[in-house]
Amino acid sequence: MNVLVIAEHDNQTIKPATLNCIMAAAQLSLFSDSRLHLLVMGHNAQPAVEAATNFPGVSKVLHADGPQFAHALAENLAAQVLAVASNYSHILFAATASGKNVAPRVAAQLDVAQISDISRVDSLDTFERPIYAGNALVCVQSLDAIKVITVRTTAFDAASASGGAATIEVLSAVPDQGKATFVGSEIAKNGRPELTSAKVVVSGGRALGSSEKFTDVMTPLAEKFGAAMGASRAAVDAGYASNDWQVGQTGKIVAPQLYIAVGISGAIQHLAGMKDSKVIVAINKDPEAPIFSVADYGLEADLFVAVPELVASL
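Numbering (this note's numbering), first residue to last: 408 to 721.
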């Protein structure tokens, strides 16, 4: 049986999380001679489909087109996945907001147990996944005929975006399920890199004291590095930062090349969202702050003095 990866896209380009998901799927091929297919569901999404044909390891791109997929409503996406599910032994979604919205619906309709947030593939039926906010790893085995899996994208390198030569198969799109209607969206644009795919992330915590100080201290630092802005849950709950900046177990999982934590104590929930970063720098005046336990470089200092000095020296 073959492996199916569900692509995330904006109808023009494939989102980076899909490339990490493809790499996870490629590990399955080490244990069998299965082929990897990619499903693109969208409306006027031909540019995304064409881009997907270039991904090495993908032998076929399945394309379902229709206005019912224009806004990626979970009910319609799940119905399309279910229409082809019987042809696959493994169906992989990125563990993003979209993937977590669609995958459980597919698993429930197939009457199988979803395998969530995998960080390693041990065999065709055994996978590693974090539990207890990432403080422990567990190996889970599934005997279901079809395995519905969400992939922790930060645990897998991104596949190459060029060099492949996949074929395209056009599918008959399932009709609109009529269970949800797209009303509108409000997308915040700040001109910075996307948090989950940025190479550098600077995050602020509750110690910054106010939204004004958060902006005054963190913005120059982010601009110097060309970084995405992040925040701890405490900072978000206090209104210092936007909700979509939250990093942690209940926020976004990131693994940039460089993560700078400013005024963040390092609660277990926050560490779960960023401890896979390649290099972690912590600035905190509390020498006992848990963030120092995972930091590669730690600076015990007043952030209101240290950060401006750092910015001035860059």
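Idealized CB from N, CA, C, for every residue including glycine. Just so you know, these numbers come straight off a predicted model, no measurement behind them.
Whole-Å CB distance - residue i paired with residue j, under 8 Å assumed
{"i": "glycine 673", "j": "proline 694", "result": "12 Å between Cβ atoms; not a contact."}
{"i": "glutamate 601", "j": "alanine 635", "result": "7 Å"}
{"i": "alanine 459", "j": "isoleucine 421", "result": "6 Å"}
{"i": "alanine 490", "j": "valine 581", "result": "5 Å"}
{"i": "glutamine 434", "j": "valine 528", "result": "4 Å"}
{"i": "alanine 641", "j": "arginine 613", "result": "4 Å"}
{"i": "alanine 702", "j": "alanine 689", "result": "4 Å"}
{"i": "isoleucine 553", "j": "alanine 492", "result": "6 Å"}
{"i": "valine 608", "j": "valine 669", "result": "That belief does not hold up - the Cβ atoms of valine 608 and valine 669 are roughly 11 Å apart, past 8 Å."}
{"i": "leucine 706", "j": "valine 624", "result": "Not really, about 14 Å apart at Cβ, beyond 8 Å."}
{"i": "glutamate 457", "j": "alanine 587", "result": "Wrong, their Cβ atoms sit about 29 Å apart, outside the cutoff."}
{"i": "serine 526", "j": "arginine 536", "result": "6 Å"}
Endpoints, the alpha helix (DSSP H) within which residue i is located
{"i": "asparagine 409", "result": "Run containing asparagine 409: none in the alpha helix (DSSP H); it sits in the beta strand (DSSP E), 409–413."}
{"i": "valine 712", "result": "710–720"}
Backbone CA spacing between residue i and residue j [nearest angstrom]
{"i": "isoleucine 667", "j": "cysteine 546", "result": "31 Å"}
{"i": "valine 509", "j": "glycine 598", "result": "29 Å"}
{"i": "glycine 473", "j": "valine 555", "result": "24 Å"}
{"i": "leucine 678", "j": "leucine 628", "result": "21 Å"}
{"i": "alanine 424", "j": "threonine 603", "result": "9 Å"}
{"i": "glycine 616", "j": "glycine 633", "result": "24 Å"}
{"i": "asparagine 451", "j": "proline 715", "result": "47 Å"}
{"i": "proline 463", "j": "isoleucine 538", "result": "32 Å"}
{"i": "phenylalanine 438", "j": "methionine 408", "result": "12 Å"}
{"i": "proline 663", "j": "lysine 685", "result": "6 Å"}
{"i": "alanine 540", "j": "glutamine 676", "result": "6 Å"}
{"i": "proline 454", "j": "serine 618", "result": "40 Å"}
{"i": "alanine 502", "j": "threonine 560", "result": "7 Å"}
{"i": "leucine 504", "j": "glutamine 419", "result": "Per the sequence shown, residue 504 should be read as alanine rather than leucine. Whole-angstrom Cα-Cα distance: 19 Å."}
{"i": "leucine 426", "j": "glycine 585", "result": "31 Å"}
{"i": "glutamine 656", "j": "lysine 507", "result": "14 Å"}
{"i": "alanine 565", "j": "aspartate 551", "result": "28 Å"}
{"i": "asparagine 691", "j": "phenylalanine 563", "result": "30 Å"}
{"i": "lysine 467", "j": "alanine 605", "result": "29 Å"}
{"i": "glutamine 475", "j": "isoleucine 413", "result": "17 Å"}
{"i": "phenylalanine 589", "j": "aspartate 440", "result": "40 Å"}
{"i": "asparagine 542", "j": "serine 579", "result": "44 Å"}
Paired residues, beta bridge with residue i - DSSP
{"i": "arginine 536", "result": "Val545"}
{"i": "valine 577", "result": "His470"}
Unbroken beta strand (DSSP E) run spanning residue i, endpoints
{"i": "threonine 420", "result": "Per DSSP, threonine 420 belongs to no beta strand (DSSP E) and is neither H nor E."}
{"i": "isoleucine 687", "result": "686–690"}
{"i": "histidine 444", "result": "443–449"}
{"i": "valine 590", "result": "Valine 590 -> no beta strand (DSSP E), and no H or E assigned at all."}
{"i": "leucine 706", "result": "704–706"}
{"i": "isoleucine 556", "result": "554–558"}
Chain C contact for residue i (CB, 7 Å cutoff)
{"i": "alanine 674", "result": "Checking the listed chains, one finds no chain C in this structure; it contains a single protein chain."}
Contained beta strand (DSSP E) runs [length at least 3] in the stretch 452–533, N- to C-terminal order: 465–472, 495–501 and 522–525
Quick one: which unbroken beta strand (DSSP E) runs of 3-plus residues sit fully inside the stretch 602–687? Chain order, please. 607–611, 635–638 and 665–669
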